[in-house]
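Participant: Quick one: this structure, given as structure tokens, is what I'll be asking you about.
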Amino acid sequence: MSTTTTPAPVLSMTGVSKRFGAVQALKDIEFDVAAGEVVALVGDNGAGKSTLVKTIAGVYAPDGGEVVFDGNPVTITSPSEAQNLGIATVFQDLALCDNLDVVGNLFLGNERKHAGALDEVTMEKESWRLLRELSAKIPSVRIPVASLSGGQRQTVAIARSLLGEPKVVMLDEPTAALGVAQTAEVLNLVERLRERGLGVILISHNMSDVMAVADRVAVLRLGRNNGVYRVADTSSQEIIAAITGATTNAVTARAARRAPQEEQS
Amino acid sequence: MTTSQTPPPAEPTDVADSVPADLQDERLIASQGVGGWASATWQRIKSGDLGSLPVVIGLVIIWAVFYGLNPAFISSRNLVNLTLQMVPIGTLAIGVVLVLLLGEIDLSIGSMSGLSGAILAVLFVNQGMSIWLAVVIALAAGAVVGLVYGLLFNRFGVPSFVITLAGLLALLGFQLRVLGTDGTVNIPFQSGLVQFASQLFLPEWLAYVVAVAVPVVYLLARLRTDQRRKAAGLSAPALTTVAVRAAIVAVLLLVVVSVLNRDRGLSYMVVLFVALVVVMDLLIRRTTWGRSVLAIGGNVEAARRAGINVKRIYLTVFTLCSTFAALGGIFAAARLASANQSSGGADTNLNAIAAAVIGGTSLFGGRGSAYSALLGILVIFSISNGLALLSVSADIRYIVTGAVLLLAVVIDSLSRRSRAAHGRA
Chain A
6 MSTTTTPAPV LSMTGVSKRF GAVQALKDIE FDVAAGEVVA LVGDNGAGKS
56 TLVKTIAGVY APDGGEVVFD GNPVTITSPS EAQNLGIATV FQDLALCDNL
106 DVVGNLFLGN ERKHAGALDE VTMEKESWRL LRELSAKIPS VRIPVASLSG
156 GQRQTVAIAR SLLGEPKVVM LDEPTAALGV AQTAEVLNLV ERLRERGLGV
206 ILISHNMSDV MAVADRVAVL RLGRNNGVYR VADTSSQEII AAITGATTNA
256 VTARAARRAP QEEQS
Chain B
33 MTTSQTPPPA EPTDVADSVP ADLQDERLIA SQGVGGWASA TWQRIKSGDL
83 GSLPVVIGLV IIWAVFYGLN PAFISSRNLV NLTLQMVPIG TLAIGVVLVL
133 LLGEIDLSIG SMSGLSGAIL AVLFVNQGMS IWLAVVIALA AGAVVGLVYG
183 LLFNRFGVPS FVITLAGLLA LLGFQLRVLG TDGTVNIPFQ SGLVQFASQL
233 FLPEWLAYVV AVAVPVVYLL ARLRTDQRRK AAGLSAPALT TVAVRAAIVA
283 VLLLVVVSVL NRDRGLSYMV VLFVALVVVM DLLIRRTTWG RSVLAIGGNV
333 EAARRAGINV KRIYLTVFTL CSTFAALGGI FAAARLASAN QSSGGADTNL
383 NAIAAAVIGG TSLFGGRGSA YSALLGILVI FSISNGLALL SVSADIRYIV
433 TGAVLLLAVV IDSLSRRSRA AHGRA
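See the structure below:
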């Protein structure tokens, strides 16, 4: 099922490089994501995923290369600039304030006001609208975030990133440390982001999550592109091989050993 | 099959419209009316979300014990004295609540209050300046000191504990220097400020008007909010619940006022102090600034990433804290009609910090309320006042106050554990 017309990417990077002293963290990276597409970004530890994410989020300025956002070449020099462009990032630590309630966290730094004071009524109403749109399972928005489960906290963090009406959402390991049901909940959320027409960049180590929800998989290895795969036309083994950089290593060899056995049984 | 004929299933929005948006989750336990409010409150207390309950119970016990030992304790005369005594350090405690909400501390509030008292007395008495100008300069000195703390904190990232410890010593030095060789400066009794702090009381009728006006304003504000909530499709508590709450507040205030009115009455200084507490509470709970303070106290990194100007908040809070300390020093100088080398010394610092903590503000940031300054200072001065009535010496007073502080912190830790167990951490 090959797509004949690829939609124009909302974010595309070409030849992006980043050096830290003697370490070439990124070298000539090509990366793009279209509206309504989920692109998984995978790679081993030290492959440059975090550096690339932080470059897109405006934490690091790239040394070279071109970034085109929504058709216009841009240079993102600060996180707030990235947010203003419409790139929302949900970092792995979620950055929630445990002592504030869900409404307080959703609108943190972006509070609605009414006659000079916080407009709790409007904020609560909009919180419910947003959470309903995401079919989020949060019983009350007036409880401290500390009392929510891991999946619910992830939901709050993702919902907050949507308040600025972004075009691209980056999720850094959203399912790490989540249980089975909660992981499914977050993956459903990712699909709902796609339905909303957002470009989603999903950073994950979990191959089954990637295969379950992504449209394409971009593999980084040692700071370079190591292939982009359409999930429909590839397998976990192929991606793992690209991640580790070899078709014969401990991981793939084991998988290969087991595959014939499964076929026999 | 009749699928083709059946009308489309009722729009889910029909159901949603009839139930307020915040009550649609089936897991929520409905609680309506006054009974529902009472049972919900009881559930909250049981789960360890004690709020100000331990302080209130502690206060009742303390008062009962002192009443048993010496009935003069709850005489109107003594209670009026108590309200006047608590204001200076209570004002310091408001500032302490603010820095504690950020998870920081200011150890120099005692020295700052002493310095501001000294500046006020020297400018007014020795330099012959107008009293109100002297007050403004003393307050400005507090603001400048707080500003310096904030700048040092932001620029060098030195823990506030250390900065303000240095400030404690330096400000004490400034205080001695300002006072010069005299050591003590007496402020004339007939000056407006001293009158304000010790002689000016609300007329009886005005005190009653205040006691009725406050719950009425509360009721009206609640009704307005509830109306907006209903218009927005959210739940609102029943009218009776709100009315009962307002009535409770009204009864409490009327009892307090009638007791105080049997003696001199409600002092303007006390009204100003309580008004400051209420204003700070509103600022903390109802403004973007207050929300930022709580957010930073909860998770600085999250606050920074949310786009909050963290440095500006630190700067304003340190400035406000030192300014409140300066104001407390002015109240203290006005009440005692003098400023001397030991003003703001001894246990001033620790009483102010202990008041904030006893009142229920967490030492770890992000949790607390301006009212804890009022409640905590009431506890501390009830103890010292009661022990003074029993002619107990200072040694016992320190020991008892220390024990109460310890008890408050233990209750705080226990309730935190309980909150965690009940998912309310």
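Note that the protein sequences, when read in sequence, are chains A and B. According to the numbering used here, the stretch in the first sequence is residues 6 to 270, in order. According to the numbering used here, the stretch in the second sequence is residues 33 to 457, in order. Glycine included, every Cβ here is placed at the ideal spot set by N, Cα and C.
(1) Along the chain, where does the alpha helix (DSSP H) containing R337/B start, and where does it finish?
(2) Three Cβ pairs or more, each shorter than 8 Å: is that satisfied between the stretch 268-281 of chain B and the stretch 248-258 of chain B?
(3) When the cut-off is 8 Å and only beta carbons count, does L105/A lie next to chain B?
(4) Is the shortest distance between the beta-carbon of V146/A and the beta-carbons of chain B less than 8 Å?
(5) Starting from the beta carbon of D57/B, find every residue of chain A whose beta carbon is closer than 9 Å, and list them in chain order.
(6) For A100/A, tell me which candidate among K54/A, I61/A, G121/A, I163/A has the shortest Cα-Cα distance.
(7) Could you work out which residue in S223/B, L111/B, L179/B is closest to M161/B when comparing CA atoms only?
(8) Taking Cβ positions only, does T127/A come closer than 8 Å to chain B?
(9) So with CB distances below 8 Å, who are the chain B contacts of A100/A?
(10) Within the chosen definition, does the stretch 36-52 of chain A reach the stretch 14-21 of chain A through at least 3 CB pairs nearer than 8 Å?
(11) Could you give the DSSP three-state label for L225/A: helix, strand or coil?
(12) When you check each C-beta in the stretch 386-400 of chain B against every C-beta of chain A, which residues fall closer than 7 Å?
(13) Does R256/B pass the burial test, meaning 16 or more other C-beta atoms within 10 Å, or should it be called exposed?
(14) So, using beta-carbon positions, are S354/B and G205/B closer together than 8 Å?
(15) Excluding the 5 residues preceding and the 5 following L438/B in the sequence, name in chain order all residues of the same chain whose CB lies nearer than 6 Å to its CB.
(16) Which word fits D444/B, buried or exposed, when buried means at least 16 other C-beta atoms lie within 10 angstroms of its C-beta?
(17) If you draw a straight line from the alpha carbon of S416/B to that of L116/B, how long is it in whole angstroms?
(18) Taking its Cβ as the centre, do 16 or more other Cβ atoms sit within 10 Å of F305/B, making it buried, or is it exposed?
(19) Using a cut-off of 7 Å between C-beta atoms, extract the partners of A93/A located in chain B.
(20) Return the CA-CA distance between A384/B and L359/B, expressed in angstroms with no decimal places.
(21) What number of angstroms, rounded off, separates the C-alpha of A70/B from the C-alpha of S140/B?
(22) What are the partner residues of N372/B, as DSSP defines its beta bridges?
(23) Chain B beta carbons: is any one of them nearer than 8 Å to that of R182/A?
(24) For K23/A, name the three-state secondary structure that DSSP assigns.
(25) Can you say whether S96/B is buried or exposed, counting buried as having 16 or more other CB atoms within 10 angstroms of its CB?
(26) Under 8 Å between the Cβ atoms of P12/A and V95/A?
(27) If the cut is a Cβ gap below 8 Å, which residues of chain A does T320/B touch?
(28) Based on Cα-Cα distance, which residue from F413/B, P86/B, L171/B lies nearest to R429/B?
(29) In its own chain, which residues sit with a C-beta less than 7 Å from the C-beta of M118/B, not counting the 5 before and 5 after it?
(30) Bridge partners of D106/A, per DSSP?
(31) How would you call N104/A, buried or exposed, if buried means at least 16 neighbouring beta carbons within 10 angstroms?
(32) Closest to I34/A by C-alpha separation, out of I248/A, S240/A, G232/A, E243/A, would be which residue?
(33) For G169/A versus Q88/A, is the C-beta distance shorter than 8 Å?
(34) Going straight from the alpha carbon of T273/B to that of R76/B, what length do you get?
(35) Taking only beta-carbon atoms, is A42/B less than 8 Å away from chain A?
(36) Give the secondary structure of D238/A by DSSP, where H, G and I count as helix, E and B as strand, and everything else as coil.
Facilitator: Looking at the coordinates:
(1) Residues 332-337.
(2) The stretch 268-281 of chain B is in contact with the stretch 248-258 of chain B.
(3) L105/A counts as touching chain B.
(4) Chain B contact via Cβ: present.
(5) For D57/B, the C-beta contacts it makes with chain A under 9 Å involve K142, I143, P144, S145, in order along the chain.
(6) When K54/A, I61/A, G121/A, I163/A are compared, the shortest CA-CA separation from A100/A is found for I163/A.
(7) Closest option to M161/B, Cα to Cα, is S223/B.
(8) With 8 Å as the cut-off, T127/A counts as an interface residue toward chain B.
(9) By Cβ distance, chain B contributes N331, E333, A334, R337, A338.
(10) Contact check between the stretch 36-52 of chain A and the stretch 14-21 of chain A: three or more CB pairs, one atom from each, fall below 8 Å, which counts as touching.
(11) L225/A: strand per DSSP, three-state reduction.
(12) Taking 7 Å as the Cβ-Cβ cut-off against chain A, the residues of the stretch 386-400 of chain B that qualify are G398, R399.
(13) Counting Cβ neighbours within 10 Å, R256/B comes out exposed, since fewer than 16 surround it.
(14) Going by beta carbons, S354/B and G205/B fall outside the 8 Å limit.
(15) By the criterion of a C-beta distance shorter than 6 Å, L438/B is surrounded by no residue of its chain, once the five residues flanking it on both sides are discounted.
(16) Per the 10 Å Cβ criterion, buried.
(17) S416/B and L116/B: Cα-Cα distance of roughly 13 Å.
(18) F305/B sits buried, since 16 or more C-beta atoms from the chains shown fall within 10 Å of its C-beta.
(19) Within chain B, no residue has its beta carbon less than 7 Å from that of A93/A; the closest one is some 11 Å off.
(20) Our two residues, A384/B and L359/B, have alpha carbons roughly 13 Å apart in a direct line.
(21) Rounded to whole angstroms, the separation of the alpha carbons of S140/B and A70/B is 42 Å.
(22) Paired residue(s): T216/B.
(23) The residue asked about is misnamed: residue 182/A is Ala in this sequence, not Arg. Interface residue (Cβ-Cβ distance to chain B less than 8 Å): A182/A is not classified as such.
(24) Reduced to three states, the DSSP call for K23/A is strand.
(25) For the record, residue 96/B in the displayed sequence is Ala; it is not Ser. So A96/B counts as exposed.
(26) With a cutoff of 8 Å on beta-carbon distance, P12/A and V95/A are scored as not near each other.
(27) For T320/B, the neighbours in chain A by C-beta distance under 8 Å run, in chain order, E116, K118, L123.
(28) The residue among F413/B, P86/B, L171/B with its C-alpha nearest the C-alpha of R429/B is F413/B.
(29) Listed in chain order, the non-local C-beta contacts of M118/B below 7 Å within the same chain comprise I409, L410, F413, local neighbours out to five positions each way being set aside.
(30) D106/A is bridged to P149/A.
(31) Buried.
(32) Of all alpha-carbon atoms in I248/A, S240/A, G232/A, E243/A, the one lying nearest the alpha-carbon of I34/A is that of G232/A.
(33) Contact flag set, yes.
(34) Using only the alpha carbons, I get a separation of about 17 Å.
(35) With a pLDDT of 40 at A42/B, under the threshold of 50, the modelled position of that residue is not reliable, and the figure given next carries that caveat. No, A42/B lies away from the interface with chain A (no Cβ there is under 8 Å from its Cβ).
(36) Correct three-state label for D238/A: helix.
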